[in-house]
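Just below is one structure, and these are the notes that go with it.
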Amino acid sequence: MESQRSLLFFALLAVSFLLYQAWEKDHEPKPAPVAATASVPTEAPADALPSSDDIPQTEGAKPAASTKAHLVTLANDELKLTVDTRGGDIVGAQLKHFAKVQGGEERLTLFTREPGFNYVAMSGLIGPNGSDTQSRPVYTASEATTLANGDSQLTLTYDGANGVVYKKVLTLAPGKYVVNTRFEVTNPTDKPLSVQFFGQIKRTNHEPDSGITSHGTYTGPVYSTDDESYEKYNFDDVKERNLNKETSTGWVAMLQHYFVSAWAPKLDNVKLDVYSLQSGSDAIIGIKSKPVTVPAQGSASLTADLFVGPKDQDALAAVAPKLEKTVDYGFLWFISEFLFWLLKLLHGVVHNWGFAIVLLTLLVRGAMYPLTKAQFTSMAKMRALQPKLASLKERLGDDRQRMSQAMMKLYKDEGVNPLGGCFPLLLQMPIFMALYYVLQESVELRQAPFMLWIHDLSAKDPFFVLPVLFAASMWFSQKLNPSTMTDPMQQKVMQLMPLVMGVFFAFFPSGLVLYWFVSNLVSITQQLIIYKGLEKKGLR
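Given below as structure tokens:
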């Protein structure tokens, strides 16, 4: 098989894969920025309060009252959280070290509660004696304090019936994206109480316009149980049917490109239920515990961690087992994880993600050199057979059966594998695909500068220089392989392919285009080396 057809085959494979990713993608909602909140309590609008449909129902539950609540603030060096005293829900989360847009002053927000869009983390106690069973409680909030170890802590208190006291303690450690949430129930009565923890994430599931530029990222709910370490349950699934799975360990999360929020209960020897709900236009993914007993004249504590931040694999793995799987590398995750490890290692040396991508490309292409050599050697052998094949065609005419038999005999006699040019190419595709996932999923590349005009490797090249260079390198690679195609249509397609691919790549993240451009340069260099060796052997 000649090199032009292999190049066309490879290009079509790449385009098909990227188009499939765009088609598969659940479109990403457009969150509105959270309104600025003062550190002093302010009233929250009554129509923004959760309804009884927003929490898992238990026997005896009634609609929530319309008592007014307040907003309070809890922060550390990474997060600024806005907490609603009704239910103690986190209705605002600002990531201090992540700009909303490259070079902008406005910080990125995950949780927000705005007209037409909700994204909040809810938690509470349900069950026969839960504080959230009859209605969402309105807590009394203390002033946020800094503990001796540097943790920031906010204590919410609710006085229930018969003197039962419910406390919800939110703690943020320095440098962390984890909100430790502890419920403390003090029971002064002579009868035991029964409560169940629940933690859930609610997000509006409207979908904006999308296209190839969204490059296949997933937005929506995911969960983990004993049987399923990482499972997507998209917005359509939530609409169609309620999820209900029992597990001993697990977590629930809401994903978007580069960022994640997740509830992970920390309850010993307590079974859990993973569930979903649809509340109006909002999708809910949640996890709740089986009943926990609070002894008479005693107390009990129930704890869960809420992660809200970037898809940092090390930070996620520290919160709960398999939570790092929310960095979704697709079906080639085992290759992608190795490539990401190698990319981080290289970044530790050069301290620039762009140069790390360049070095990674060189290493990957170097490791695949034997495959590349086999590919071009096979092409050269096929090209050497062209005169004999033309002679066969002239002698046998349109007799396809005899022509096919004669060609196979010729290949066998000459020791040529007609698929030799394609097979090495197919072996390389999993590596290219795995690297594609790494470059699109790694939050480290978000707004990461390279050099000169490239200030964000996760965004398209603002001046389209890299796509033009990529197209030029593809064109030059073609020129190294003179075409033997006789079909005028095939010739036109091959001539237009660099331009088509250049336009196609113009709207992809510059980190991806950088990889492909450097890969083309390495491929050209390898071709020149291989062809020089083949010329000495008289094969070219």
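Position 365 of the sequence shown, counting from 1, maps to 364 under numbering that gives the first Met the number 0, and the rest follow consecutively.
Ideal placement from N, C-alpha and C gives every residue a C-beta, glycine not left out.
Item to check | Inter-residue CB distance, LEU124 and ALA140 (contact presumed, cutoff 8 Å) | outcome: Position 125 of the sequence shown, counting from 1, holds the residue named residue 124. Position 141 of the sequence shown, counting from 1, holds the residue named residue 140. With 8 Å as the limit, LEU124 and ALA140 do not qualify as a contact, their Cβ atoms being about 17 Å apart.
Checklist entry - Is DSSP giving SER472 helix, strand or coil here? => result Numbered from its first residue, the sequence shown carries residue 472 at position 473. If DSSP states are grouped into helix, strand and coil, SER472 belongs with the helices.
Checklist entry - Given 8 Å as the limit, is there contact between the stretch 276-283 and the stretch 307-322, that is, 3 or more CB pairs closer than that? => result no
Checklist entry - In whole angstroms, what is the alpha-carbon distance linking THR111 and VAL259? => result In the sequence shown, residue 111 corresponds to position 112, counting from 1. In the sequence shown, residue 259 corresponds to position 260, counting from 1. Using only the alpha carbons, I get a separation of about 14 Å.
Checklist entry - From LEU266, TYR274 and ASP311, pick the residue whose C-alpha is nearest to that of LEU242; which is it? => result The sequence position of residue 242 within the sequence shown is 243, counting from 1. Considering only alpha carbons, the answer is TYR274.
Item to check | Host beta strand (DSSP E) of LEU73 (start-end) | outcome: Here residue 73 refers to the residue found at position 74 when the sequence shown is read from its first residue. Unbroken beta strand (DSSP E) run through LEU73: 68-74.
Checklist entry - So, is MET407 buried or exposed, given that buried needs 16 or more other C-beta atoms within 10 angstroms? => result In the sequence shown, residue 407 corresponds to position 408, counting from 1. Exposed, by the Cβ-count rule.
Checklist entry - Tell me, which residues are paired with TYR118 by DSSP? => result Numbered from its first residue, the sequence shown carries residue 118 at position 119. TYR118 is bridged to THR111 and ARG202.
Checklist entry - Around the C-beta of ALA147, are 16 or more other C-beta atoms found within 10 angstroms, so that it is buried, or is it exposed? => result The count along the sequence shown starts at 1 and reaches residue 147 at position 148. With fewer than 16 other Cβ atoms within 10 Å, it is exposed.
Next on the checklist: Could you check whether GLY308 and GLU77 sit closer than 8 Å to each other, using their CB atoms as the reference points?
Outcome noted: Against the sequence shown, residue 77 aligns to sequence position 78. Against the sequence shown, residue 308 aligns to sequence position 309. Taking 8 Å as the Cβ cut-off, GLU77 and GLY308 qualify as a contacting pair.
Next on the checklist: Using the Cβ count rule (16 or more neighbours within 10 Å means buried), how would you classify MET450?
Outcome noted: Here the question's residue 450 lines up with position 451 in the sequence shown. Flag for MET450 reads exposed.
Item to check | Straight-line Cα distance separating LEU70 from TYR118 | outcome: To locate residue 118, count along the sequence shown from 1; it is residue 119. To locate residue 70, count along the sequence shown from 1; it is residue 71. Roughly 16 Å separates the two Cα atoms.
Checklist entry - So, are the CB atoms of GLN439 and THR218 less than 8 Å apart? => result Position 440 of the sequence shown, counted from the first residue, corresponds to residue 439. Position 219 of the sequence shown, counted from the first residue, corresponds to residue 218. For GLN439 and THR218, no; Cβs fall outside 8 Å.
Checklist entry - Which same chain residues, not among the five before or five after THR292, have their C-beta less than 8 Å away from its C-beta? => result Locating residue 292 in the sequence shown gives position 293, where the first residue counts as 1. PRO191, LEU192, SER193 and ALA299, listed in sequence order.
Next on the checklist: With distance defined between alpha-carbon atoms, name the residue in ASP398, ALA92 and TYR232 nearest to TYR176.
Outcome noted: Here residue 176 is taken as the residue at index 177 of the sequence shown, counted from 1. Among ASP398, ALA92 and TYR232, the Cα nearest to that of TYR176 is on ALA92.
Item to check | Distance between ARG106 and LYS95 (C-alpha atoms, nearest Å) | outcome: Here the question's residue 95 lines up with position 96 in the sequence shown. Here the question's residue 106 lines up with position 107 in the sequence shown. If I take the Cα positions, the gap works out to 6 Å.
Next on the checklist: Which residue wins for smallest C-alpha separation from ALA282, given the options LEU271, VAL100, ALA120 and PHE339?
Outcome noted: Position 283 of the sequence shown, counted from the first residue, corresponds to residue 282. Minimum Cα distance to ALA282 is reached at ALA120.
Checklist entry - How many Å lie between ASP311 and ARG240 at the Cα? => result Working through the sequence shown from its first residue, we reach residue 311 at position 312. Working through the sequence shown from its first residue, we reach residue 240 at position 241. C-alpha separation (whole angstroms): 31 Å.
Item to check | ALA109 versus HIS256: straight-line alpha-carbon distance, rounded | outcome: Within the sequence shown, the letter at position 110 stands for residue 109. Within the sequence shown, the letter at position 257 stands for residue 256. As written in the sequence, residue 109 is Leu, which differs from the Ala given in the question. Rounded to the nearest angstrom, the two C-alpha atoms are 11 Å apart.
Item to check | Alpha-carbon to alpha-carbon, LEU301 and ARG181 | outcome: Here residue 181 is taken as the residue at index 182 of the sequence shown, counted from 1. Here residue 301 is taken as the residue at index 302 of the sequence shown, counted from 1. So the alpha carbons of these two residues sit roughly 6 Å apart.
Checklist entry - What is the rounded straight-line gap between the Cα of ALA74 and the Cα of ALA143? => result Stepping through the sequence shown from its first residue, residue 74 is reached at position 75. Stepping through the sequence shown from its first residue, residue 143 is reached at position 144. For the pair ALA74 and ALA143, the Cα-to-Cα distance works out to about 9 Å.
Next on the checklist: I need the straight-line Cα distance from MET432 to ASN519, nearest angstrom please.
Outcome noted: Indexing the sequence shown from 1 puts residue 432 at position 433. Indexing the sequence shown from 1 puts residue 519 at position 520. C-alpha separation (whole angstroms): 16 Å.
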